[in-house]
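Chains as they are written, first to last, in this note's numbering: chain S, 61 to 373; chain B, 9 to 404.
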């Protein structure tokens with residue numbers, strides 16, 4: 061495994077760069093992601109934080125209050141990649157001209173709607189052009205800001221407001237897009253997938269690598285949403301753990317094209333354990349729907365096996 | 009510092025590229041689209057040959073071009089872009105965001121019709137569609153004006169009382185590709201005139217953090233819009249001041265509009281862009297025949313100098329307002345609608361007609377403009393009254 065630069069106490073002692081007092085929901089996974097990614101910035105380094113329109117934007121920069129200690133830019137929903145690529149390019153010119161000397165890092169956040177779907181082209185362009193920036197997707201698996209509509213990150217069978225389960229509907233018919241693989245196919249220096257595990261070590265280590273690897277980097281963070289997933293808010297950490305232990309959300313990195321599995325459960329848990337804690341999958345547990353659970357398990361297993369092959373495990 | 013005149017010949021796109029070379033902006037994101045494509049190509053070559061310090065971002069769409077331009081400008085860089093037609097349409101959302109963020113970016117717009125059907129020729133439907141996006145819009149008759157207007161753009165955009173993006177427009181192909189004589193200005197006086205860009209607040213300002221692009225509730229949003237509208241009003245003064253300073257260096261005179269033999273005119277054509285060259289020839293021919301014809305050539309469309317134009321047209325007997333853009337409003341085109349309203353406010357009682365011309369690059373000849381003047385003389389005598397706004401040169 062990677063060299064351990066993680067010191068929990070030291071990280072927790074760092075000042076938050078996302079100040080308290082923002083208006084995100086209690087127990088929101090997006091906020092946990094942002095706070096911890098920004099903690100991976102080395103003290104003394106400056107940053108410009110970008111953001112696609114979404115819950116995070118409307119709750120953290122509501123005029124005239126901003127929750128960010130660093131410079132921040134939001135422009136629209138589908139262009140967080142392009143917007144920050146303009147900022148990053150400006151940095152290089154201004155440095156070249158001797159107008160600034162500080163060390164700046166560029167990190168942009170988008171939900172899965174702004175990243176997997178409407179912002180995919182802008183993200184792809186920014187990564188392909190090689191800007192020295194990190195794109196962080198806080199993936200809560202639906203358009204939560206507009207009221208839980210499906211996205212291409214929504215897991216199969218999930219009940220959303222545009223894929224409702226009903227008498228003749230099992231929820232979302234399609235399985236989720238594997239965006240981390242799509243980004244790895246861009247041959248960028250660093251891609252990683254993570255979530256909130258243990259004392260956030262995996263998230264911290266990957267954030268630091270993403271920020272300090274020269275060139276473009278992409279982080280996909282599973283960030284549960286208590287409103288859209290319909291679970292008891294304090295259960296968030298348990299749910300993240302189950303996502304990893306069931307191999308629904310594997311932890312991996314792709315460094316310079318090399319796939320690395322960061323965690324392999326000793327006893328892979330059945331997917332049901334992850335699903336049954338969430339109201340959005342409630343209909344899968346009504347009698348007669350056993351075949352849906354089976355199909356979902358099969359798809360999860362297929363993806364896990366494929367990942368093991370990529371990681372040469 | 010006065011500049012010597014350097015006589016040469018080039019196309020409108022080359023002229024804008026030469027202006028960019030002299031300005032040496034920090035960042036230019038752009039995406040190719042006919043007929044503006046040459047501008048980023050010329051800039052890319054200048055960068056490849058080490059002639060400018062600009063960083064070019066070869067974005068994957070015009071939406072991203074405007075987004076990256078906005079980001080670069082917010083970061084503290086002097087940022088420009090270029091586009092046409094559907095490219096501008098794809099930027100639409102970001103045009104508003106950039107303007108409301110009060111970022112002084114400059115765009116070279118080469119006017120081409122919006123698709124429906126697909127056509128690549130000169131029309132103003134692209135920029136006219138964006139007329140309410142909060143950008144300053146300045147139009148050019150020929151390559152000289154495209155060059156001179158572009159050189160003045162940053163000074164207007166970056167002025168502390170304005171802080172608005174500026175679009176410098178020229179007609180696709182007719183101006184952008186046709187090679188004409190031009191007078192260029194020396195680098196040194198131009199660099200001195202344009203000056204360094206030193207914004208007060210920006211994302212990369214080392215001693216302060218800044219946030220751009222808030223979510224603003226109704227309690228704040230309306231005040232933002234009024235401030236933006238006020239900046240557009242302020243721009244009127246600044247546009248004239250910058251033009252005056254430019255005149256001191258180059259001897260070239262610019263205002264909100266050009267009055268060509270308008271002072272004593274009975275009959276006036278009001279138009280925008282390259283057609284004005286043709287209209288001037290028509291005016292000259294009619295003047296030789298003793299007909300008091302004149303032209304008002306609109307240079308600045310945003311801010312709209314309605315009062316000033318109405319005053320200049322006050323003594324005319326009949327006026328033709330020419331639009332190279334359909335509004336599909338059943339009420340004429342955008343210049344027609346806005347100028348008619350301004351004429352009413354100034355109590356100008358001349359006969360007036362809104363004429364649709366040159367759509368999708370339809371050629372306009374001197375004889376066509378003469379025909380318009382013929383309509384005007386008949387209208388003034390009460391011999392002609394249009395029940396619908398006419399299309400010039402429409403085939404049966």
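In this text, a Cβ means the ideal position worked out from N, Cα and C, and glycines have one as well.
Unbroken beta strand (DSSP E) run spanning residue i, endpoints
| i | result |
| --- | --- |
| residue 253 (chain S) | 250-254 |
| residue 36 (chain B) | 35-37 |
| residue 197 (chain S) | 194-199 |
| residue 204 (chain S) | Neither: residue 204 (chain S) is in no beta strand (DSSP E) and is coded neither H nor E. |
| residue 91 (chain B) | 88-91 |
| residue 193 (chain B) | 188-193 |
Through-space distance from residue j to residue i, alpha-carbon basis
| i | j | result |
| --- | --- | --- |
| residue 259 (chain S) | residue 136 (chain S) | 33 Å |
| residue 84 (chain S) | residue 119 (chain S) | 5 Å |
| residue 276 (chain B) | residue 354 (chain B) | 17 Å |
| residue 279 (chain S) | residue 220 (chain B) | 24 Å |
| residue 121 (chain B) | residue 198 (chain S) | 40 Å |
| residue 13 (chain S) | residue 206 (chain S) | Because chain S spans 61 through 373 in this model, residue 13 (chain S) falls outside it and cannot be assessed. |
| residue 345 (chain B) | residue 198 (chain B) | 37 Å |
| residue 61 (chain S) | residue 65 (chain B) | Because the pLDDT at residue 61 (chain S) is just 41, under 50, the model does not fix this residue reliably, and the point stays unresolved. |
| residue 111 (chain S) | residue 134 (chain S) | 5 Å |
| residue 81 (chain S) | residue 75 (chain S) | 15 Å |
| residue 125 (chain B) | residue 379 (chain B) | 28 Å |
| residue 149 (chain S) | residue 129 (chain B) | 33 Å |
| residue 405 (chain B) | residue 93 (chain B) | Residue 405 (chain B) lies beyond the range of chain B shown here (9 to 404); nothing can be said about it. |
| residue 101 (chain B) | residue 195 (chain B) | 36 Å |
| residue 268 (chain S) | residue 118 (chain B) | 45 Å |
| residue 182 (chain S) | residue 103 (chain B) | 17 Å |
| residue 79 (chain B) | residue 208 (chain S) | 29 Å |
CB of residue i within 8 Å of CB of residue j, strictly
| i | j | result |
| --- | --- | --- |
| residue 50 (chain S) | residue 172 (chain S) | For residue 50 (chain S) there is no data in the structure shown, the boundaries of chain S being 61 and 373. |
| residue 321 (chain S) | residue 282 (chain S) | no |
| residue 242 (chain S) | residue 93 (chain S) | no |
| residue 303 (chain B) | residue 270 (chain B) | yes |
| residue 169 (chain S) | residue 101 (chain S) | no |
| residue 159 (chain B) | residue 202 (chain B) | yes |
| residue 62 (chain B) | residue 34 (chain B) | yes |
| residue 318 (chain B) | residue 384 (chain B) | no |
| residue 189 (chain B) | residue 15 (chain B) | yes |
| residue 99 (chain S) | residue 71 (chain S) | yes |
| residue 179 (chain B) | residue 282 (chain B) | yes |
| residue 266 (chain S) | residue 319 (chain S) | no |
| residue 405 (chain B) | residue 262 (chain B) | Lying outside 9 to 404, the shown extent of chain B, residue 405 (chain B) is not represented and no answer is given. |
| residue 387 (chain B) | residue 356 (chain B) | no |
| residue 113 (chain B) | residue 37 (chain B) | no |
| residue 187 (chain B) | residue 17 (chain B) | yes |
| residue 236 (chain S) | residue 220 (chain S) | no |
Listed by chain order, chain S residues near residue i by CB distance under 7 Å
| i | result |
| --- | --- |
| residue 105 (chain B) | 135, 136 |
| residue 69 (chain B) | 181 |
| residue 304 (chain B) | Ordered by position in chain S, no residue passes the 7 Å Cβ test against residue 304 (chain B), which lies about 38 Å from the chain. |
| residue 59 (chain B) | Those within 7 Å of residue 59 (chain B) in chain S number zero; the least Cβ separation is about 15 Å. |
| residue 101 (chain B) | 136 |
| residue 372 (chain B) | Within 7 Å Cβ-Cβ: nothing; residue 372 (chain B) doesn't reach chain S, min ~38 Å. |
| residue 37 (chain B) | 146 |
| residue 4 (chain B) | Only positions 9 to 404 of chain B appear in the structure, and residue 4 (chain B) is not among them; the question remains open. |
Within chain B, the residues that residue i reaches when beta carbons sit closer than 7 Å
| i | result |
| --- | --- |
| residue 246 (chain S) | Within 7 Å Cβ-Cβ: nothing; residue 246 (chain S) doesn't reach chain B, min ~12 Å. |
| residue 118 (chain S) | 223 |
| residue 185 (chain S) | 67, 68, 72 |
| residue 160 (chain S) | 212, 214 |
Unbroken alpha helix (DSSP H) run spanning residue i, endpoints
| i | result |
| --- | --- |
| residue 2 (chain B) | No answer is possible for residue 2 (chain B): it lies beyond the span of chain B, which begins at 9 and ends at 404. |
| residue 155 (chain B) | 151-165 |
| residue 299 (chain S) | 296-305 |
Partners in chain S for residue i, counting only beta-carbon separations shorter than 8 Å
| i | result |
| --- | --- |
| residue 65 (chain B) | 145, 146, 149, 189 |
| residue 90 (chain B) | The contacting residues do not exist; residue 90 (chain B) stays about 15 Å from chain S at best. |
| residue 78 (chain B) | 135, 143, 146 |
Within chain B, partners of residue i - CB distance below 8 Å
| i | result |
| --- | --- |
| residue 311 (chain S) | Result: empty, since nearest Cβ-Cβ is about 30 Å, beyond 8 Å. |
| residue 105 (chain S) | Chain B residues near residue 105 (chain S): none, gap ~12 Å exceeds 8 Å. |
| residue 172 (chain S) | Simply none; closest approach about 19 Å. |
Chain B contact residues for residue i, given Cβ-Cβ distances below 9 Å
| i | result |
| --- | --- |
| residue 229 (chain S) | Correct list: empty, because the minimum Cβ distance to chain B is about 33 Å. |
Below 8 Å, can you find three or more Cβ-Cβ pairs linking the stretch 164-171 of chain B to the stretch 236-243 of chain B? yes
When you compare the stretch 35-51 of chain B with the stretch 357-364 of chain S, are there three or more beta-carbon pairs, one atom per stretch, that lie closer than 8 Å? no
Are the stretch 231-248 of chain S and the stretch 311-331 of chain S in contact at 8 Å, needing three or more beta carbon pairs? yes
Any contact between the stretch 245-256 of chain S and the stretch 155-162 of chain S? By contact I mean 3 or more CB pairs, one from each, below 8 Å. no
Between the stretch 206-220 of chain B and the stretch 77-96 of chain B, can you find at least three pairs of beta-carbon atoms closer than 8 Å? By the criterion of at least three beta-carbon pairs nearer than 8 Å, the stretch 77-96 of chain B is in contact with the stretch 206-220 of chain B.
Assess contact between the stretch 229-241 of chain B and the stretch 105-112 of chain B, defined as three or more Cβ pairs (one per stretch) separated by less than 8 Å. Is contact present? yes
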